[in-house]
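Take a look at the structure set out below.
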Amino acid sequence: MQYNYLFWEGLDDIQFDFSTGYCIKESDTAEFLETELSKHGLNRKEVNEFITFWLPLMEQNKYNIIYFQKETYTDIAKLNVNPNPDTIIRVFMAFKLSNKYVSISAPKETKTSQRNGFTLVEWGGSKVE
């Protein structure tokens, strides 16, 4: 059985990690997301869907401070999937707006996940106030 989408949302009190990340000018946000999401293992369709959902919330900000959360997110949002996927790709972006450029250290380079067999892809994000 194949599902194109499973949607879920929830409330949280997660303290997202912005110790590293990116400060992206609003006019550069779409191009940045195109490049970065591909590095995280999303395919063309998934990148388009991610950008279609998130860009309208981001393009109004002078700058977006963006960090793709890894353990901060996956440690809290556990998955239980049966049967077990051969490949799991989870991409979760936290972002907050800024009226000025903020100098921030870039995170370590992301290793692209290779899809093998039954692949579960989860993408999402959170606007941090």
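In the numbering used here, the protein residues as written are -7 to 121. All C-beta atoms in this analysis are idealised placements derived from N, C-alpha and C, irrespective of residue type, glycine included. All of these numbers come straight from a predicted model, not from anything done at the bench.
Would you call the region 69 to 89 in contact with the region 107 to 116, where contact means no fewer than 3 C-beta pairs closer than 8 Å? yes
Nearest to Leu124 by CA position, among Asn(-4), Ile81, Ile57, Gln7, is which residue? Outside the shown range of the chain (-7 to 121) lies residue 124, about which nothing can therefore be said.
Three-state secondary structure assigned by DSSP to Val120: coil
For Val39, three-class secondary structure by DSSP: helix
Going by DSSP, name the residue or residues bridged to Lys17. Tyr55
Per DSSP, cross-strand counterpart(s) of Leu112: Ile80
DSSP three-state call for Ser90: helix, strand or coil? strand
Enumerate in chain order the residues of its own chain whose CB-to-CB distance from Gly13 is below 7 Å, with the five nearest sequence positions on each side excluded. Ile57, Ile58, Tyr59, Ile96, Pro99
Going by alpha carbons, who is nearest to Val83 out of Leu34, Lys92, Glu101, Val120? Leu34
Identify, in the order they occur along the chain, each residue of the same chain with its Cβ nearer than 8 Å to the Cβ of Thr104, setting aside the five sequence neighbours on each side. Ser30, Lys31, His32, Gly33
Helix, strand or coil: how does DSSP classify Phe8 here? coil
Expressed to the nearest angstrom, what Euclidean distance is found between the alpha-carbon atoms of Pro77 and Gln61? 21 Å
For Asn74, which option in Phe110, Met85, Gln106 has the closest C-alpha, if you only look at C-alpha atoms? Phe110
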